[in-house]
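Heads up: the sequence shown begins at 1358 in this note's numbering, then just goes up one per residue.
For each residue, glycine too, the CB sits at the ideal point set by N, CA and C.
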Amino acid sequence: MLLTRHHTFTRPIILGLTIVLLPACQLVKVKENNIHQAIRSKSENILTHDELSAETTSLLKLLSLTPQQCTTEFETCLQRLNTQTDIAADERYAALSELYLAQALELTKQRNCTQAQPHSENNHCLEQSLDAFDQSLRYSYVYLFKMQESPSTRVFDQRQMHVRTFYNVALSRLITTAYRTQPFHQVPAQLNVQQRQYIVNLEHYPELKSKTIDRVQSSYNLNFSGFYQVNRQDGLGAEFVVVTKADPIHKNDFILDPISFYQYQTNPNIHPARYLSVTAAAQPLNPESSIEDVLNGKAVFEIELFNPYTQKYVDIHQQKYILTANYSVPFAYWLAENKLGSTGYLTLLDKTERLRMPHVYMLEPYQPNKKVIVLIHGLASSPETWVNLTNNILGDKVLRENFQVWQVFYSTNMPIVESRYQIHALLKQAFAQVQPNSRSASDAVLIGHSMGGVISRLLISEHDISEQVILLLNYEQYTRLQQYPVIKERFQFHSDLPIGRAIFIAAPHRGSELSDRWYMELVKKMVKLPITFFNQVDIQLNGSSSTKGMVQSGPDDLSPKSRFMALTSNIMPVSTVPYHSIIGNHSQTNDIHDISDGIVLYSSSHLEQAVSEKIIKGNHSVHEEAETLLELRRILRLHLEQTRAQ
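1) By Cβ distance below 6 Å, which residues in the same chain neighbour residue 1461 in space, the five residues on each side in sequence not counted?
2) Can you tell me where the alpha helix (DSSP H) with residue 1424 in it begins and where it stops?
3) What is the DSSP secondary structure of residue 1546, counted as helix, strand or coil?
4) For the 8 Å Cβ check, are there 3 or more pairs between the stretch 1724 to 1732 and the stretch 1800 to 1816?
5) What do you get for residue 1594, buried or exposed, if any count of 16 or more other CB atoms within 10 angstroms of its CB means buried?
6) How big is the Cα-Cα spacing for residue 1939 and residue 1969?
7) Near residue 1901, which residues of its chain fall below 8 Å by C-beta distance, leaving aside the five closest residues on each side in sequence?
8) According to the neighbour-count rule (16 or more other Cβ atoms, all chains shown, within 10 Å of its Cβ), is residue 1860 buried or exposed?
9) Look at the alpha carbon of residue 1623 and the alpha carbon of residue 1733, and state the distance between them as a whole number of angstroms.
10) Just verifying my parser: in three-state terms, what is the DSSP assignment at residue 1820?
11) When the distance is taken between beta carbons, is residue 1415 closer than 8 Å to residue 1519?
12) Decide if residue 1770 is buried, meaning its Cβ has at least 16 other Cβ atoms within 10 Å, or exposed.
13) With residue 1571 as the anchor, note down where its beta strand (DSSP E) starts and where it stops.
14) Go through its chain and collect everything with a Cβ distance to residue 1587's Cβ below 6 Å, but skip five positions before and after it.
15) Quick one: grab the DSSP three-state call for residue 1995.
16) Hey, residue 1964 and residue 1806 are a contact pair by Cβ (cut 8 Å); roughly how many whole angstroms apart?
17) Look at the alpha carbon of residue 1746 and the alpha carbon of residue 1554, and state the distance between them as a whole number of angstroms.
18) Under three-state DSSP, which class holds residue 1451?
19) For residue 1971, count neighbouring Cβ atoms within 10 angstroms of its own Cβ and tell me buried if that reaches 16, exposed if not.
20) Suppose you measure from the CA of residue 1979 to the CA of residue 1738; what does that come to, to the nearest Å?
21) If you drop the 5 nearest sequence neighbours on each side, which residues of the same chain put their C-beta closer than 6 Å to that of residue 1692?
22) Using beta-carbon positions only, say whether residue 1751 and residue 1911 come within less than 8 Å of one another.
23) Does the Cβ of residue 1653 have 16 or more other Cβ atoms within 10 Å, making it buried, or fewer, making it exposed?
24) To the nearest angstrom, how far is the alpha carbon of residue 1845 from that of residue 1827?
25) Could you say which of 1428, 1631, 1858 and 1683 lies nearest to residue 1459 if we only look at CA atoms?
26) Kindly list the residues whose CB is nearer than 7 Å to the CB of residue 1992, restricted to its own chain and excluding five residues on each side of it in sequence; keep chain order.
27) Is there contact here, the stretch 1712 to 1724 with the stretch 1659 to 1669, by at least three beta-carbon pairs under 8 Å?
28) Measure from the alpha carbon of residue 1627 to the alpha carbon of each residue in 1522, 1559, 1780 and 1669, then state which is nearest.
29) Check whether the Cβ atoms of residue 1498 and residue 1592 sit closer than 8 Å, and answer yes or no.
30) Pull up the CB-CB distance for residue 1608 and residue 1571, whole angstroms please, since I reckon it's below 8 Å.
31) For residue 1453, count neighbouring Cβ atoms within 10 angstroms of its own Cβ and tell me buried if that reaches 16, exposed if not.
32) Residues in its own chain within less than 6 Å of residue 1848 by CB, not counting five upstream and five downstream?
33) Helix, strand or coil for residue 1596 per DSSP?
34) Using a threshold of 8 Å, state whether the C-beta atoms of residue 1757 and residue 1651 are closer than that.
35) Between which residues of its own chain and residue 1941 is the CB-CB distance below 7 Å, once the five residues before and five after are set aside?
36) Keeping to the same chain, check which residues put their C-beta closer than 6 Å to that of residue 1922; ignore five residues upstream and five downstream.
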């Protein structure tokens, strides 16, 4: 009976204790995170959050290690990981790739690695970081390409995405760090990292062989304000900008007859691309190299350099992989470093010697298999005005693969006939340098905005107004015309450039009423024609209208009442070149009699024989509007279709 009573008494106590203690034993609880946190936790790694990824942290925890321990006791951490053969090899290699990259990035934060003079032989910090980048690259390569599972079978695996990025960044930083420790002006045949060799292969970018290098800059983490979008392709490989040495500074005197002057020499105002987009990929020179040889450095690696405009894939182990590419950064770098926007305004006031003669800039290394787009800016402007339009072209795969962009930069204070003459001569010389009978040698597309549209129309016109001009010249100017017959050529328009289509945007073909308003008269009084222009042509102005004759500034020429407009406004392009008009409407009406972009009336921009005319809501900067960019894409694709059919 006692035993029975004891059990009867204790049973409720045990049951109660069990109920109380059960929650304390519950180790796992389910909690629903919001979608942002869930995705972020899966994607974070040392490059995105300055902390190791969840996968690497979890693996360290399995070995009773913390990320902090691996930072302070790096070698011990590596040893523990390398000796744990019961851990899956791919997990270990991925973690080691991230750990070496984390160590390298931590080293680069040290003062010795960021000092102003990094080329010191005693700079062990850079050497140590270089070694860590090398190891990260090798471990990531092994994970990506030497495991039983191929990259294609893990194509949607988040961990593979991490390690691909580790590979790209490690290679990028290895090359830029090697450049800091071993500066070079020609692409070297090989790079040395400690006792390890990297052979440099230029087979896919032969243009680099002859380039003198000014600097090498990773573009992986570059960001530029003013760009609404950076056009890039995610893939395998490290992305760079290689900046080549600038041309020697030459005297920028006004040249009356550039065709004759540069008959036996290259015009220095034709600028090949200096800012080159480069993609690099690395793999063992011997594809049969063992994992052990890859990791211990016995396997010699080859770094292949690619032109991302012409090369889309890299071959690794007889498999093709999409290359990383950055199409926007060379253009952005060029604009940012040359400060072209302010120069455009300064030339209008004759405050800079930089633009006595026009220049043409090629935005990528010349490609004979691509058609050329020539962009001509407007009054007080510069190539910077085309930033969105150019970036949009580069962002369209079809257009990027079929067109290359040339930007014309000229002084808009010059008389428009002079600008047309000089730009015509410059483009004639530029096209003379392209490969004959190639796609680049014909059917170029000419796009002009504002004053640039007026110049573009005259570049594709065949007309001689020299006899009419003679009647407007004063005695002094007429005498000079007899002495310098080349002056007469300013008024003889020829459509002999390989232009296959033209697009005029907000172009005041019949002038702008704004040019005659009182506040513009004040501006025009500030505008000065270059003194060297007068000295060369030997024309002296005394301020009277009779002496001025045909010599007026660019802004003066844009007046509907100007002699320039009286002589040229009715000159139309030749019938063999189709052309299109894009016109801004900043008014509150759709009546064509009242439409204006705020500066140019519809009636001034309208051309009766245009193949197409698009009126777009916007002001005089209508070339920056999204609808304009779509219209340009349409026209350029149409041009490709029609020229292929010919």
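In terms of the structure at hand:
1) 1486, 1489 and 1490
2) 1424 to 1429
3) coil
4) yes
5) buried
6) 8 Å
7) Low confidence applies here, because residue 1901 scores a pLDDT of 40, under 50, leaving its location unreliable; read the following figure in that light. Contacts found: none.
8) buried
9) 22 Å
10) strand
11) no
12) buried
13) 1570 to 1575
14) 1685
15) helix
16) Not a contact, Cβ separation roughly 15 Å.
17) 43 Å
18) helix
19) buried
20) 14 Å
21) 1741
22) no
23) exposed
24) 9 Å
25) 1428
26) 1860 and 1937
27) yes
28) 1780
29) no
30) That belief does not hold up - the Cβ atoms of residue 1608 and residue 1571 are roughly 22 Å apart, past 8 Å.
31) buried
32) 1822, 1823 and 1826
33) strand
34) no
35) 1863, 1954, 1973, 1975, 1976, 1977 and 1979
36) 1868
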